[in-house]
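In structure tokens:
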């Protein structure tokens, strides 16, 4: 299990006064989120604080806060500041499953495994040093596999740590791996997902001042969703960023 501070530990370096990091975002979505899954399952996502100072500083300073643009304009970011495709998150649901079918915990965990999972692939390309240099045009999973190592765990009002990491991203395809742990360090399940991630790169200026699009720009603009994906997770209203308080689509994995 990765070394992180417990979810309710007073040590929280990401924001002052230990407030939830509502100013930290992946794209337009807040890192910490509360919302309804499957219509009536209240879900909480909470960014985990790693004990490793280097990793904590990287997450805090580079990847997902509103200071990235300012630092970039001041030329404070270098290629050493490319965000690694890695994240740690506490998660839980608030719903009594004791009277439900025993498999319900596995089903709920399977749905939760897909939230904010796909974006890990593209994290180095639009966070940190590369902030503002790319736009994600199309992101969708090609397959999603989950392995359960035990059914003896709780997810209702009990935190689970979700560690996610992109193993490889190249030629528009990415592979992401994830692991769930309970607060005692026991691994509950693991996930593996292959995905299509098409990035639209900011056009480069030509010698005559004209904009010269990259080859991937030309290819990616022809790939679009034929219809909106199913709505399986809705962000709780009232969070910072009006655009992020609407809908987060599980099938787009943003």
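In our numbering, the protein residues as written are 292 to 545.
Every residue, glycine too, gets a C-beta built ideally from N, C-alpha and C.
Simplified DSSP state of residue i, which is helix, strand or coil
{"i": "residue 402", "result": "helix"}
{"i": "residue 348", "result": "helix"}
{"i": "residue 331", "result": "coil"}
{"i": "residue 446", "result": "coil"}
{"i": "residue 417", "result": "helix"}
{"i": "residue 339", "result": "coil"}
{"i": "residue 459", "result": "strand"}
{"i": "residue 372", "result": "helix"}
{"i": "residue 396", "result": "helix"}
Residue i burial status per 10 Å Cβ neighbour count (16 or more: buried)
{"i": "residue 442", "result": "exposed"}
{"i": "residue 455", "result": "buried"}
{"i": "residue 378", "result": "buried"}
{"i": "residue 457", "result": "buried"}
{"i": "residue 421", "result": "buried"}
{"i": "residue 432", "result": "buried"}
{"i": "residue 459", "result": "exposed"}
{"i": "residue 394", "result": "exposed"}
{"i": "residue 301", "result": "exposed"}
{"i": "residue 292", "result": "exposed"}
Length of the line joining the Cα atoms of residue i and residue j
{"i": "residue 343", "j": "residue 418", "result": "20 angstroms"}
{"i": "residue 326", "j": "residue 411", "result": "20 angstroms"}
{"i": "residue 481", "j": "residue 439", "result": "7 angstroms"}
{"i": "residue 330", "j": "residue 413", "result": "28 angstroms"}
{"i": "residue 324", "j": "residue 475", "result": "24 angstroms"}
{"i": "residue 332", "j": "residue 339", "result": "22 angstroms"}
{"i": "residue 485", "j": "residue 297", "result": "30 angstroms"}
{"i": "residue 463", "j": "residue 425", "result": "13 angstroms"}
{"i": "residue 434", "j": "residue 408", "result": "12 angstroms"}
message: Any contact between the region 343-353 and the region 380-397? By contact I mean 3 or more CB pairs, one from each, below 8 angstroms.
response: Verdict: no, contact absent.
query: Looking at C-beta atoms only, is the number of pairs between the region 470-490 and the region 393-404 that lie closer than 8 angstroms three or more?
result: Under the 8 angstroms Cβ criterion, the region 470-490 counts as touching the region 393-404, having at least three qualifying pairs.
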